[in-house]
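Input: a single structure, listed below in structure tokens.
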Amino acid sequence: MKKFAAKFIQALLAMDRIEAQQILARMKPEDNALECVDKMILPALEEIGRQWEQGKVPLAQVYMSGRICEELVDQFLPPASPLRTDQPSMAIAILEDFHTLGKAIVYSVLRARGIELVDFGTVDVDTLVNKTIEGKVKILLISVLMLSSARHIKEVCQRLKQNNPRIKVIVGGAPFRFDDQLWISVGADAVGKNTTEALRATRQMMEELS
Amino acid sequence: MTKPAMTSLQRVLTSLGHQEADRVPFFLLLTMHGARELGLSIKDYFSQAENVAEGQLRMRAKYGHDCYYPFFYAPVEIEAWGGEVIYHDDGPPNTGRPFLADPARIKQLHVPDVASTPCLKKVTRAIEIIKKQMPDEAPIIGVVMSPFSLPVMQMGFPAYLNLMFEQPELFWQLMQINEDFCVAWANAQLAAGATAICYFDPVSSPTIISKSDYQKMGREIARCTVARINGPTATHLASGRCLPIIDDLATTGTAVIGVSNLESLAEIKGACRGRLSILGNLNGIEMARWTPEQTTQKVREAIAAAGEGGGFILSDSHGEIPWQVSDDILKNISEAVHLWGQYPLRTEL
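These protein sequence lines are chains A and B, in that order.
So for the first sequence, the numbering used here puts the first residue at 114; every next one is plus one.
So for the second sequence, the numbering used here puts the first residue at 117; every next one is plus one.
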């Protein structure tokens with residue numbers, strides 16, 4: 114198993130879809146969907162995320178690995194699978210920005226874990242608050258690039274928590290990587306400085322809401 | 117004993133020659149703060165070259181830093197290609213929806229004519245005004261996005277990475293088009309009076325792509341582009357890491373690298389010594405909430421790590437100080453450099 118896992122990571126870092134698919138096929142994912150995700154895909158993505166945090170793997174590989182895993186998982190765990198739908202309603206958005214890479218990475222990694230979430234795309238504060246309330250979203254992930262947008266999350270959190278004190282907001286993006294107190298000052302429930310943290314925070318929030 | 121005072125230009129050139137000047141030079145890379153000086157909204161401020169020139173002149177008079185930085189905003193180049201710019205009241209103008217999301221459109225893409233593009237003419241006009249008023253007193257820094265990094269705004273990052281790794285032919289076609297634009301735009305700023313060009317290339321950082329991919333793409337593109345720019349260049353990785361590619365960066369023809377607070381300044385200095393000068397690396401995001409004591413401490417630490425022997429310009433790590441950084445903090449930085457940056461350096465921390 115360890116040998117397969119190392120080879121799977123290697124294939125992902127080399128952006129070799131075919132090799133990654135062949136390694137995964139040995140686990141018979143169609144019969145053991147969640148086990149395959151938990152034992153092979155998730156640890157691989159976590160390891161790649163950890164290596165990025167340490168400066169050993171570049172963001173391009175993190176993105177491409179997430180995309181490949183998302184495609185692979187979609188083949189044996191389609192979006193409508195009951196294994197995906199039995200979870201709190203979740204959404205992801207970028208606040209005031211068209212730089213979508215961070216959101217795309219987290220979205221792929223969460224979907225590769227079998228978590229289904231709505232993608233609100235690029236939105237302003239009012240749109241984000243309205244869509245979240247209308248969609249009865251319980252866990253909201255917000256990605257930003259600029260410090261000004263990060264600070265606007267404070268208003269988003271205040272308005273959403275006024276409407277539903279139990280809603281969970283997870284934030285991520287460059288400003289939060291460079292200031293480790295910023296997520297607290299904007300009133301978020303958690304920060305995901307990398308894919309591993311974002312995934313961990315999402316699972317923790319899911320448990321808290323279950 | 118302190119050294120005789122120099123002009124900013126002399127100070128910067130001495131440091132770039134890997135010698136100790138009278139004090140450590142420092143660049144406050146301020147773009148939006150000029151609007152605050154003039155009592156204008158950010159959008160109104162950038163609507164006229166005269167505003168930006170006046171803002172730059174006033175800010176340097178106020179903080180005593182060692183450059184003019186008439187850089188408007190990153191998507192000014194996207195505007196030149198017909199893309200959208202979105203203004204904010206409390207942050208830099210940002211690029212709108214990518215205009216080149218469909219890679220098939222690369223085949224129909226034409227290089228904008230720099231001389232007749234209004235948004236670019238505003239920038240060159242601002243440079244001309246500063247140059248006329250303060251000739252050769254302090255360097256005027258022009259800015260270009262590298263051909264390799266511009267597609268992040270042209271296409272959006274995910275689409276660009278897909279292009280880079282899955283459609284190499286179209287990728288190289290885009291690089292050639294972008295290189296021609298980058299060279300024309302850099303040379304127009306130099307002709308207007310810019311002293312040097314800051315070549316922003318964050319995608320080349322090992323934070324974003326692997327060293328081997330950089331060697332195949334970003335480095336080769338930089339070598340070709342920098343060689344065609346008619347003046348000195350500084351390569352800025354905009355908060356990205358640089359240590360693994362310093363040897364490669366040194367072969368691109370650049371004289372300076374803008375470095376991140378994610379890496380040790382002392383280690384970077386050791387790797388660059390005598391080959392490249394360093395620009396950096398105060399944390400601009402954290403800076404917004406620094407106390408005066410923290411500010412002084414951060415400045416002292418940076419100077420202690422990289423000041424000795426020259427080859428160092430103190431600056432932020434991103435190439436643009438956020439709007440949220442207050443006037444008081446900027447003054448604190450300036451005071452700390454003037455106190456702790458005098459050569460020969462005081463060694464105690």
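All C-beta atoms, glycine included, are put in the ideal place defined by N, C-alpha and C.
Pairwise C-alpha distance: residue j and residue i
i, j, result
"G426(B)", "L378(B)", "22 angstroms"
"G56(A)", "I419(B)", "Because chain A is modelled from 114 through 323, residue 56(A) falls outside the range shown and cannot be assessed."
"L395(B)", "P141(B)", "10 angstroms"
"A404(B)", "I437(B)", "9 angstroms"
"A119(A)", "V238(A)", "42 angstroms"
"P192(A)", "H134(B)", "59 angstroms"
"W165(A)", "P360(B)", "14 angstroms"
"L266(B)", "L322(A)", "42 angstroms"
"N278(B)", "N277(A)", "39 angstroms"
"A301(A)", "V441(B)", "22 angstroms"
"P191(B)", "G212(B)", "9 angstroms"
"N145(A)", "V372(B)", "54 angstroms"
"E195(B)", "V260(B)", "13 angstroms"
"G386(B)", "F428(B)", "12 angstroms"
"K223(B)", "S194(A)", "41 angstroms"
"Q331(B)", "E268(A)", "44 angstroms"
"T96(B)", "D364(B)", "This structure cannot speak to residue 96(B), because chain B is shown only from 117 to 465."
is_contact[residue i, chain A] using C-beta, thresh 9 angstroms
i, result
"A196(B)", "no"
"F281(B)", "yes"
"E417(B)", "no"
"S355(B)", "yes"
"F316(B)", "no"
"A404(B)", "yes"
"G396(B)", "no"
"R139(B)", "no"
"R152(B)", "no"
"L210(B)", "The sequence shown places Asn at residue 210(B), rather than the Leu named in the question. At least one chain A Cβ lies under 9 angstroms of N210(B)."
Short Cβ contact (9 angstroms threshold) for residue i with residue j
i, j, result
"G180(B)", "L154(B)", "no"
"G198(B)", "P228(B)", "yes"
"A217(A)", "F264(B)", "no"
"A206(A)", "D232(A)", "yes"
"L216(B)", "L446(B)", "no"
"L398(B)", "I449(B)", "yes"
"T323(B)", "G356(B)", "yes"
"G285(A)", "L254(A)", "yes"
"M122(B)", "P208(B)", "no"
"V299(A)", "I252(A)", "no"
"V280(A)", "V250(A)", "The sequence shown places Ile at residue 280(A), not Val. Yes."
"A242(B)", "A169(B)", "yes"
"P251(B)", "C183(B)", "no"
"G457(B)", "V415(B)", "yes"
"Q305(B)", "L290(B)", "no"
"Q174(A)", "S124(B)", "no"
"S320(B)", "R335(B)", "yes"
"L392(B)", "A366(B)", "yes"
Close Cβ partners of residue i (< 6 angstroms) along its chain, the five nearest in sequence each way excluded
i, result
"R290(A)", "K306"
"I154(A)", "C182 and A225"
"T349(B)", "I313, Y315, V342 and T370"
"V239(B)", "F188"
"G179(A)", "I218, S221 and V222"
Residue i at chain B interface by Cβ criterion, 9 angstroms
i, result
"L254(A)", "no"
"L158(A)", "no"
"S261(A)", "yes"
"T308(A)", "no"
"F117(A)", "no"
"T213(A)", "yes"
"V238(A)", "no"
The ligand FAD heavy atom lying under 8 angstroms from the CB of residue i
i, result
"Y176(A)", "This structure does not include the ligand FAD; it has no bound ligands of any sort."
8 angstroms CB neighbourhood of residue i in its chain, flanking five on each side removed
i, result
"Q200(A)", "I228, E229 and M319"
"R221(B)", "none"
Own chain residues within Cβ distance below 7 angstroms of residue i, not counting five before or after
i, result
"L156(B)", "N167"
**Item:** Contained alpha helix (DSSP H) runs [length at least 4] in the stretch 340-408 of chain B, N- to C-terminal order
**Value:** 362-365, 381-388 and 400-403
**Contained beta strand (DSSP E) runs [length at least 3] in the stretch 206-251 of chain A, N- to C-terminal order** = 231-236
**Message:** Threshold first: 4 residues or longer. Then list the alpha helix (DSSP H) segments lying entirely within the stretch 261-323 of chain B, N to C.
**Reply:** 267-271, 273-282 and 284-308
**Request:** Kindly provide the ranges of any beta strand (DSSP E) runs that are 3 or more residues long and lie completely inside the stretch 200-266 of chain B, ordered along the chain.
**Result:** 257-261
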